[in-house]
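Everything below concerns the one structure shown next.
Number of protein chains: 2
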Amino acid sequence: MTDEPDTTADRRPGGRTARIRAQVLDAVRAELAERGHEGLTMEGVATRAGVHRATVYRRWRDVGGLLVDVIDAAGEMDWQPPDTGSLRGDLTALNQEIQESLLVQPSVAVALMAASFHSERAAQAQTRLWTHRYAQCEILVERAVERGEAPSQHTDARSLLIAATAPLYHQLVLLRLDPDPRLPERAAEAAVLALRAGAFSVRRDESV
Amino acid sequence: MTDEPDTTADRRPGGRTARIRAQVLDAVRAELAERGHEGLTMEGVATRAGVHRATVYRRWRDVGGLLVDVIDAAGEMDWQPPDTGSLRGDLTALNQEIQESLLVQPSVAVALMAASFHSERAAQAQTRLWTHRYAQCEILVERAVERGEAPSQHTDARSLLIAATAPLYHQLVLLRLDPDPRLPERAAEAAVLALRAGAFSVRRDESV
Numbered sequence: 005m006t007d008e009p010d011t012t013a014d015r016r017p018g019g020r021t022a023r024i025r026a027q028v029l030d031a032v033r034a035e036l037a038e039r040g041h042e043g044l045t046m047e048g049v050a051t052r053a054g055v056h057r058a059t060v061y062r063r064w065r066d067v068g069g070l071l072v073d074v075i076d077a078a079g080e081m082d083w084q085p086p087d088t089g090s091l092r093g094d095l096t097a098l099n100q101e102i103q104e105s106l107l108v109q110p111s112v113a114v115a116l117m118a119a120s121f122h123s124e125r126a127a128q129a130q131t132r133l134w135t136h137r138y139a140q141c142e143i144l145v146e147r148a149v150e151r152g153e154a155p156s157q158h159t160d161a162r163s164l165l166i167a168a169t170a171p172l173y174h175q176l177v178l179l180r181l182d183p184d185p186r187l188p189e190r191a192a193e194a195a196v197l198a199l200r201a202g203a204f205s206v207r208r209d210e211s212v
Numbered sequence: 005m006t007d008e009p010d011t012t013a014d015r016r017p018g019g020r021t022a023r024i025r026a027q028v029l030d031a032v033r034a035e036l037a038e039r040g041h042e043g044l045t046m047e048g049v050a051t052r053a054g055v056h057r058a059t060v061y062r063r064w065r066d067v068g069g070l071l072v073d074v075i076d077a078a079g080e081m082d083w084q085p086p087d088t089g090s091l092r093g094d095l096t097a098l099n100q101e102i103q104e105s106l107l108v109q110p111s112v113a114v115a116l117m118a119a120s121f122h123s124e125r126a127a128q129a130q131t132r133l134w135t136h137r138y139a140q141c142e143i144l145v146e147r148a149v150e151r152g153e154a155p156s157q158h159t160d161a162r163s164l165l166i167a168a169t170a171p172l173y174h175q176l177v178l179l180r181l182d183p184d185p186r187l188p189e190r191a192a193e194a195a196v197l198a199l200r201a202g203a204f205s206v207r208r209d210e211s212v
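So the protein sequences, as listed, match chains A and B.
Using this note's numbering, read the first sequence as starting at 5 and increasing by one per residue.
Using this note's numbering, read the second sequence as starting at 5 and increasing by one per residue.
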């Protein structure tokens with residue numbers, strides 16, 4: 005373990021501060037995946053990360069602070085929504101990515117959802133992350149409108165995206181049904197068919 | 005507290021055994037709603053129910069046993085799916101019921117979902133209950149086919165039902181977005197539009 009006081013030079017991106025954060029958040033993800041949030045402790049994370057406990061307490065204060073930071077770090081990732089050339093293809097690819105993140109064993113994504121039931125701060129961070137991700141995905145709908153795949157400019161993109169992706173979360177996380185390899189495409193297809201049939205439209209009086 | 009040994013007469017429905025179960029499960033629901041599953045203890049339930057701890061341990065063994073029984077009891081309820089005269093109306097009514105159960109404060113339904121992340125037995129009981137409820141709701145699709153609202157006999161009823169209801173769970177339980185009073189109807193409408201456009205069909209080679 006090494007933990008000298010930070011110098012100014014160490015605070016630059018890629019410097020010591022960033023390196024310690026990366027080590028600690030890697031340890032949080034590993035502990036979450038192995039033990040769930042119930043088994044997450046400041047001590048366990050410090051030991052696994054090879055960082056002084058005092059540093060972990062000073063920067064993250066408590067387990068809630070670790071959870072919030074690991075969720076925030078996911079939002080800082082350079083994630084790009086799929087771009088396959090069709091809305092159906094994009095939503096299918098998005099759903100495949102979601103399905104993988106939920107099925108990988110152990111799943112950090114599922115562990116973070118479980119933690120959000122128990123930590124109000126983690127829940128808020130999670131809501132911020134989801135909101136950001138769905139906002140990033142609105143480009144899929146904009147591209148679909150440009151290609152003439154979506155009926156008008158008056159599409160409620162977030163409702164469409166939630167309709168397309170919600171069945172994955174519902175089946176795998178809450179219902180815990182056996183995974184269906186066709187579900188990513190079928191859920192995408194159903195959302196696109198509903199869109200073309202006039203669902204998810206923003207009425208003028210609501211779009212103000 | 006009263007807890008004499010059961011007599012045969014007490015085991016009949018409505019007898020002493022059934023009454024003690026009702027008291028204990030009422031206490032489990034109240035404790036879950038107030039404290040979440042983390043705060044659920046055999047002692048807390050026994051005290052709240054006014055039943056001897058020894059009885060609670062003997063019949064339910066541990067907290068997992070209490071969770072399983074409270075979920076199983078929900079499945080034993082005489083619940084009937086809505087029957088409004090149209091598929092869209094039925095799915096909207098179903099979604100309204102779901103939305104209420106998720107938004108009531110405190111929500112036993114949400115507490116049970118949280119518990120299912122931590123107890124494999126509770127998760128299995130929950131999956132049984134969901135599977136049973138979705139099976140009960142298949143009648144909505146059968147009626148829609150009879151009324152000519154659904155395009156054919158080859159509709160995958162469960163996929164349709166999951167598509168209609170999943171956005172409620174996703175928005176309220178996982179995303180924790182502000183409740184949208186129009187969501188029950190909009191999610192129902194999107195599912196019906198997708199159905200009419202050919203989504204949720206069982207291809208012949210899959211229906212064997």
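We put the beta carbon where it would ideally sit given N, CA and C, even for glycine.
Measure the beta-carbon distance from residue i to residue j and round it to whole angstroms, keeping in mind my assumption that it falls under 8 Å.
| i | j | result |
| --- | --- | --- |
| A167(A) | A198(A) | 7 Å |
| A113(B) | S105(B) | 5 Å |
| R52(B) | E35(B) | 6 Å |
| A37(A) | P110(A) | 4 Å |
| Q103(A) | L187(A) | 7 Å |
Could you tell me which chain A residues have their CB closer than 9 Å to the CB of residue i, listed as they occur along the chain?
| i | result |
| --- | --- |
| E101(B) | Within 9 Å Cβ-Cβ: nothing; E101(B) doesn't reach chain A, min ~16 Å. |
Given that residue i touches chain B, what residues does it touch there, using C-beta distances under 7 Å?
| i | result |
| --- | --- |
| Q140(A) | By Cβ distance, chain B contributes nothing, its closest Cβ being about 15 Å from Q140(A), past 7 Å. |
| W134(A) | L179 |
| G202(A) | L197 |
| V42(A) | Note that residue 42(A) corresponds to Glu in the displayed sequence, not to Val. H122, listed in chain order. |
| S111(A) | Those within 7 Å of S111(A) in chain B number zero; the least Cβ separation is about 11 Å. |
| R33(A) | Near R33(A) there are no residues of chain B at all, since even the closest Cβ is about 17 Å away, more than 7 Å. |
Measure the alpha-carbon distance for residue i versus residue j and round it to whole angstroms.
| i | j | result |
| --- | --- | --- |
| A129(A) | A115(A) | 14 Å |
| G54(A) | Q27(A) | 8 Å |
| N49(B) | L176(A) | Residue identity check: residue 49(B) is Val in the sequence provided, not Asn. Cα to Cα, the separation comes out at about 31 Å. |
| A203(B) | H158(A) | 23 Å |
| A119(B) | R33(A) | 21 Å |
| V196(B) | G18(B) | 42 Å |
| E153(B) | Q100(A) | 31 Å |
| E8(B) | M81(B) | Note that E8(B) scores a pLDDT of 47, beneath 50, so its modelled location is shaky and nothing firm can be said. |
| R23(B) | M46(B) | 18 Å |
| H41(A) | L29(A) | 13 Å |
| P183(B) | A170(A) | 16 Å |
| L44(B) | L181(A) | 26 Å |
| H174(A) | R20(A) | 41 Å |
| A148(A) | A127(A) | 32 Å |
| V163(B) | T131(B) | Looking at the sequence provided, one finds Ser at residue 163(B) rather than Val. Straight-line Cα distance between these residues: approximately 16 Å. |
| R65(A) | L107(B) | 32 Å |
| D10(B) | V74(A) | Confidence at D10(B) is low in this model, with a pLDDT of 48, below 50, so its placement is unreliable and no value can be given for it. |
| W134(B) | L179(A) | 7 Å |
| C141(A) | P185(A) | 22 Å |
| H136(B) | G79(B) | 7 Å |
| A139(B) | S205(B) | 17 Å |
| F121(B) | R57(A) | 29 Å |
| L144(B) | R92(B) | 10 Å |
| T59(B) | T59(A) | 49 Å |
| L165(A) | L172(A) | 12 Å |
| E150(B) | R25(B) | 41 Å |
| D76(B) | R125(B) | 11 Å |
| Y61(A) | D160(B) | 52 Å |
| M117(A) | R39(B) | 19 Å |
| E146(A) | A31(B) | 51 Å |
Name, please, each residue of chain A whose Cβ falls closer than 7 Å to the Cβ of residue i.
| i | result |
| --- | --- |
| Q175(B) | I166 |
| P171(B) | I166, A167, A170 |
| A194(B) | A167, A198, A203, F204 |
| S3(B) | It is not possible to answer for residue 3(B), since the shown part of chain B is limited to 5 through 212. |
| R62(B) | Ordered by position in chain A, no residue passes the 7 Å Cβ test against R62(B), which lies about 27 Å from the chain. |
Chain A partners of residue i, CB-CB under 8 Å?
| i | result |
| --- | --- |
| T131(B) | L179, R180, L181 |
| M117(B) | F121, L178 |
| M105(B) | Checking the sequence, you will find Ser at residue 105(B) rather than Met. Simply none; closest approach about 13 Å. |
Run down chain B in chain order and give the residues with a C-beta less than 9 Å from the C-beta of residue i.
| i | result |
| --- | --- |
| A127(A) | R180 |
Residue i touches chain B at which residues, Cβ-Cβ below 8 Å?
| i | result |
| --- | --- |
| R147(A) | What R147(A) touches in chain B: nothing, since even the nearest Cβ is about 21 Å away. |
| R25(A) | Ordered by position in chain B, no residue passes the 8 Å Cβ test against R25(A), which lies about 26 Å from the chain. |
| R20(A) | None at all; the shortest Cβ gap to chain B is about 35 Å. |
> Would the stretch 59-70 of chain A and the stretch 80-88 of chain A be scored as touching if the rule is three or more Cβ pairs under 8 Å?
Replying inline: Contact annotation: the stretch 59-70 of chain A does not touch the stretch 80-88 of chain A, with fewer than three C-beta pairs closer than 8 Å.
>> Using 8 Å as the cut-off, can you tell me whether the stretch 93-108 of chain A makes contact with the stretch 179-194 of chain A, which would need three or more C-beta pairs spanning the two stretches below that distance?
In response: Touching, yes.
> Where in the stretch 130-199 of chain A do unbroken runs of the alpha helix (DSSP H), each at least 4 residues long, occur, reported from the N-terminal end onward?
Replying inline: 161-173
> Curious, which full-length alpha helix (DSSP H) runs of at least 4 residues does the stretch 58-84 of chain A contain?
Replying inline: 67-80
>> Give the list of continuous beta strand (DSSP E) stretches no shorter than 3 residues that lie fully inside the stretch 99-124 of chain A.
In response: none
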